[in-house]
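Residue numbers (our numbering), protein chains in the order written: chain A, 1 to 145; chain B, 1 to 161.
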Amino acid sequence: MTPTLAELTIGQDIGSRSIDVTRTDLVKYAGASGDFNPIHWNEAFATSVGLPGVIAHGMFTMGSAVQLVTDWAGDPAAVIDFQTRFTKPVPVADTTGTPDAGAVIEVSGAIGALDADAGTARVDLTVLSAGQKVLMKAQAVVRLA
Amino acid sequence: MTINPDLQGRSYPAAEVYDVGREKIREFARAVKATHPAHFDVAAAAALGHRDLVAPPTFAIIVAQRADAQLIEDPDAGIDFSRVVHADQRFVHHRPILAGDRLVAELHVDGVRAMGGGAMITTRSEIFALTAGADAVAAGDDSREAVATATSSILVRGEGQ
């Protein structure tokens, strides 16, 4: 069911999603996006620049987090504005050869604002990994009927 | 290496055209673990009123980062890419990006602020779709419609940061 503006209230929960991340996912994202910064796939390079290890692309976290909103809205084109700040890196452990995730990103969303004149709802996302907020002010504005 | 303070206000004109392909939309959607059928199935996109596959909301980063590369690789800018950290990002969509779009991006440097020994640089990519046919474009017709505005701030860490 596609949500309609009239039935929404501020603070309403739109659901949550848990995203498993592996080193393979980061290589796929590097290829798909064209962002080949080695901090996202090379352990030795990442530690040499002072990181705890390979970290996820901020844009991977941002891009995967918004799927909660597109699926809820029913049409990816309904997301007309999406922003975030990147506050903490998401280290991804090397679990190659095992079925385990190298990191887990937990996304939940709630209605942060409604604008009846514009026909939009703002969804505020809470995005955590290992108990830390990795995105701040992650807000998606959605156009609804 | 220091950041050139005169960067603020600089712009880089639209350079090469980015052709949005269906398989690229599918590949990017899989890479961000998107499963919405409008990214994969033309009939599903059409059922929502779109002429072709719909790109995920952050797809414009591909075009925006190509535009940003003009600044980062500009020797006059003084930016050491290995010291760059992505601080924030925003996409405002004037209309969805669809397969078949031919996109160009104009890059504007909106802000340069010293931070410690480094700098925070805010850039804005204005992304347009060419609306003329290939022959008309080749003949110099640059008719375009606004598609998205991508704003990003990067922190260039100073020595010891």
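C-beta: ideal position from N, C-alpha, C; glycine also.
Cross-chain neighbours of residue i in chain A, by beta carbon under 7 Å
i, result
"His108 of chain B", "Near His108 of chain B there are no residues of chain A at all, since even the closest Cβ is about 17 Å away, more than 7 Å."
"Glu27 of chain B", "Ala32"
"Ile61 of chain B", "Ser33, Met59"
Cβ pair residue i, residue j closer than 8 Å
i, j, result
"Ala34 of chain B", "Pro56 of chain B", "yes"
"Val54 of chain B", "Ala31 of chain B", "no"
"Glu43 of chain A", "Val54 of chain A", "yes"
"Leu107 of chain B", "Leu71 of chain B", "yes"
"Ile154 of chain B", "Val104 of chain B", "no"
"Ser33 of chain A", "Phe91 of chain B", "no"
Whole-Å CB distance - residue i paired with residue j, under 8 Å assumed
i, j, result
"Ala93 of chain A", "Ala103 of chain A", "7 Å"
"Leu125 of chain A", "Val134 of chain A", "The Cβ separation is near 11 Å, so there is no contact."
"Gly21 of chain B", "Ala99 of chain B", "6 Å"
"Val109 of chain B", "Ile121 of chain B", "7 Å"
"Val21 of chain A", "Ile105 of chain A", "6 Å"
"Thr120 of chain A", "Arg85 of chain A", "Between Arg85 of chain A and Thr120 of chain A the Cβ distance is about 21 Å, and since that is not below 8 Å, they are no contact."
"Ala140 of chain A", "Ile14 of chain A", "Contact doesn't hold; Cβ gap of about 10 Å is too wide."
"Ala60 of chain B", "Ala150 of chain B", "5 Å"
"Ala145 of chain A", "Thr4 of chain A", "5 Å"
"Ser125 of chain B", "Ala64 of chain B", "4 Å"
"Ser93 of chain B", "Ala148 of chain B", "Note that residue 93 of chain B is His in the sequence shown, not Ser. That belief holds up - the Cβ atoms of His93 of chain B and Ala148 of chain B are roughly 5 Å apart, short of 8 Å."
Contact test: residue i Cβ vs the ligand PLP heavy atom, cutoff 7 Å
i, result
"Phe91 of chain B", "Annotation note on the ligand PLP: not contained in the displayed structure, which lists no ligands."
Min CB distance residue i to chain A below 8 Å
i, result
"Glu126 of chain B", "no"
"Ala77 of chain B", "no"
"Glu16 of chain B", "no"
"Ser82 of chain B", "yes"
Neighbouring residues, chain A, relative to residue i (Cβ below 9 Å)
i, result
"Ala34 of chain B", "Gly63, Ser64, Val66, Gln67, Thr70, Asp71, Pro76"
"Gln89 of chain B", "Gly58, Met59, Met62, Phe82, Gln83, Thr84, Arg85, Phe86"
Within chain B, partners of residue i - CB distance below 9 Å
i, result
"Ile19 of chain A", "Lys33"
"Lys28 of chain A", "Glu27, Arg30, Ala31"
Residue i: contacting residues in chain B (beta-carbon distance under 8 Å)
i, result
"Val79 of chain A", "Pro57, His93"
Neighbour list for residue i in chain A, Cβ cutoff strictly below 8 Å
i, result
"Pro13 of chain B", "Within chain A, no residue comes near Pro13 of chain B; the closest Cβ sits about 21 Å away, beyond 8 Å."
"Gln65 of chain B", "Ser33, Gly34, Asp35"
"Pro96 of chain B", "Pro76, Ala77"
Chain C within 8 Å of residue i, Cβ atoms only
i, result
"Gly78 of chain B", "Any reference to chain C falls outside this structure, whose protein chains are A and B."
- Query: Between the stretch 37-57 of chain B and chain A, which residues of the former have a C-beta closer than 7 Å to a C-beta of the latter?
  - Reply: Ala38, His39, Leu48, His50, Val54, Pro56, Pro57
- Residues of the stretch 44-55 of chain A with Cβ closer than 8 Å to any Cβ of chain B, in chain order: Val49
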